[in-house]
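Step one of this worksheet: look at the structure below.
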Amino acid sequence: MSNEIVKYENTLNTVPLRRFTPVDMNIFFALVARVRDKGVNEVSFTYDYLKKISRFKGHRNFNEYLKALWEKLKTLSMESDDGERYKSIVLFTQFEIDRKKERLSVKVNSDYTYLFNELQEWTRFSLEQYTHFDSTYSKTIFRLLKQYRTIGHRKFKIDEFRRLLDIPKSYKISNIDTRIIKIAREELTPIFHGLTIVKEKRGRKVIGYNFSWRPESKKSDDFSKTAEYEKQEALRNIRFNASLTDDEKYNAIDRLLGLKLGSTKEDVLKERAYEATPIEAEETDHQSEEQFLQAKVDELHKKQKSSTGLTSEEVNDLTRFQLRLMNLKKYQKRQGDKKTDSPEIFDNVSDNNNEQNNPKKEEVKPRAYYAHIVKVLQQKEKRYKARNAKLPEKDLINLTQARLYVQRYDLGVYY
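So the sequence shown is residues 1 to 415, counted in UniProt numbering.
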């Protein structure tokens, strides 16, 4: 499924998927992906595939579910009305459920094979990306924007927007903003770089919505890269989207990672509170906070090299002091302060005056580097535990620091 592409003629985008649930939409476009270039030939699907692709988790009998879905699919018809004749034709001529073999077979109506064969103007997107969205409105907007993926903008008049998304007539603009636009902005920002959604007004009346994003290259494909690459790219799109508020960014990360809404914000606030916790210290008037923190780091590094080593509590203290020192230096840099002459926080203490007076700049390596360290040291830790021994303090420090960097990458602090 990871590299399955949905591709069809643009006319299909004009057909509203009325009363379709997210699972219904997932299965429908799984069918669309597989019937491409098959003409009127029968195409079969296993139940296991359909359940997996659609994220079907209900306790409902799947046979009964498919029968209910067929009733909805029968309403998907292409209509034409020239004033004298009205014509409506269903999309599929066959929808066969084999309960014993647990397979579904479909055939496309011969009048509609042009939608999936020898395409001239088409919409294309990743099935995996599509099925990830929870909102049916986000799913529809995603398809409509993908039709213009290389253009980078699309405008909708309000009546057209309501029709294509099958928005209830009772929805006021305030309902559309909170129940559709807000969620779509959070769900689609990871996919569309620089996505902005602006209401078009005439006076005080909203007459449409304008969507814009960085256009995709005509040579780009929709094939999924590695899961880690896609996640980091999505986090960058969230982090650098200037149109999102902080809360919307937190929600976007939660939706991307499948977390409960509010989880990222809670973690960030806890981290900030932890970093801001006063450190018990005997600071003198002439000793700055930076000098105090550096002295603590140096003291713990020195003890680490001794025969006694560090206790687990001291390892946590070292990590805490290092984190505070790192944030302090970043704050000074933002304020335009002069560079300090203290060594970098993760470097060992050096007696070389030249190194002290000319410290190296802190270099944040790629996430994969720290993730590899975590993996290696976790395996080493297991081997030590098997011998009823503790991981050496130096390795424990490195493991703690590496985990910290991985966490910050995942929260979008680094990119």
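C-beta atoms are modelled at their ideal positions from N, C-alpha and C, and glycine is treated no differently.
| query | result |
| --- | --- |
| Stretch pair the region 204-218 + the region 134-151: three plus CB contacts closer than 8 Å | yes |
| Expected contact under 8 Å - CB spacing of Thr21 and Thr136 to nearest Å | 7 Å |
| Three-state class that DSSP yields for Trp70 in the structure shown | helix |
| Ile238 burial status per 10 Å Cβ neighbour count (16 or more: buried) | buried |
| Straight-line gap, Thr140 to Lys270 (C-alpha atoms, nearest Å) | 36 Å |
| Euclidean distance between Cα positions of Arg60 and Arg18 | 21 Å |
| Segment contact flag, the region 298-308 with the region 365-384, C-beta cutoff 8 Å, min 3 pairs | no |
| Pro190 burial status per 10 Å Cβ neighbour count (16 or more: buried) | buried |
| Residues sharing a beta bridge with Glu96, DSSP | Ser105 |
| Lys43 in three-state terms, based on DSSP | For clarity, residue 43 is Val in the given sequence; the question names Lys instead. The answer is strand: DSSP assigns Val43 an E or B state. |
| Residues of its chain near Leu12, where Cβ-Cβ distance is below 6 Å and the 5 sequence neighbours each way are ignored | Leu115 |
| Val376, enclosing alpha helix (DSSP H) - first and last residue | 367-386 |
| Span separating the alpha-carbon of Thr319 from that of Asp134 | 38 Å |
| Ser126 (DSSP reduced to helix, strand or coil) | strand |
| Residue interval of the beta strand (DSSP E) (run including Ser212) | 205-212 |
| Residue(s) in a DSSP beta bridge with Arg202 | Lys205 |
| First through last residue of the beta strand (DSSP E) which encompasses residue 426 | Because residue 426 is not part of the residues shown, which for the chain are 1 to 415, the question remains open. |
| DSSP-derived helix/strand/coil call for Phe161 | helix |
| 7 Å Cβ shell around Lys74 - same chain, five flanking residues per side excluded | Val90 |
| Residue span of the beta strand (DSSP E) that contains Ile181, given as start and end | Segment: none, Ile181 is in no beta strand (DSSP E) and carries neither H nor E. |
| Per-residue burial, Glu64 [other beta carbons within 10 Å of its own, 16 or more giving buried] | exposed |
| Which of helix, strand or coil DSSP assigns to residue 427 | Nothing can be reported for residue 427: it is not among the residues displayed for the chain, which extend from 1 to 415. |
| Tyr137: first and last residue of the uninterrupted alpha helix (DSSP H) it sits in | 136-146 |
| Check whether Ser44 and Ile27 have beta carbons under 8 Å apart | no |
| Reduced DSSP category for His132 - H, G, I as helix; E, B as strand; rest coil | helix |
| Within 8 Å, strictly: CB atoms of Ile183 and Ser138 | yes |
| Three-pair Cβ contact test at 8 Å for the region 370-378 versus the region 392-407 | yes |
| Reduced DSSP secondary structure (H/G/I, E/B, other) of Ser156 | Checking the sequence, you will find Phe at residue 156 rather than Ser. Reduced to three states, the DSSP call for Phe156 is strand. |
| For Phe125 and Val108, believed in contact at Cβ under 8 Å, the rounded distance | So it is not a contact: roughly 20 Å between Cβ atoms. |
| Buried versus exposed, by CB contacts within 10 Å (16 or more), Leu235 | buried |
| Residues near Phe56 in its chain [Cβ-Cβ closer than 6 Å; skip 5 each side] | Val23 |
| Start and end residues, alpha helix (DSSP H) containing Asn117 | Taken as a continuous stretch (DSSP letters only), Asn117 belongs to no alpha helix (DSSP H), as it is neither H nor E. |
| 6 Å CB neighbourhood of residue 416 in its chain, flanking five on each side removed | Residue 416 lies beyond the range of the chain shown here (1 to 415); nothing can be said about it. |
| Cβ neighbour criterion (16 or more within 10 Å) applied to Ala68 | exposed |
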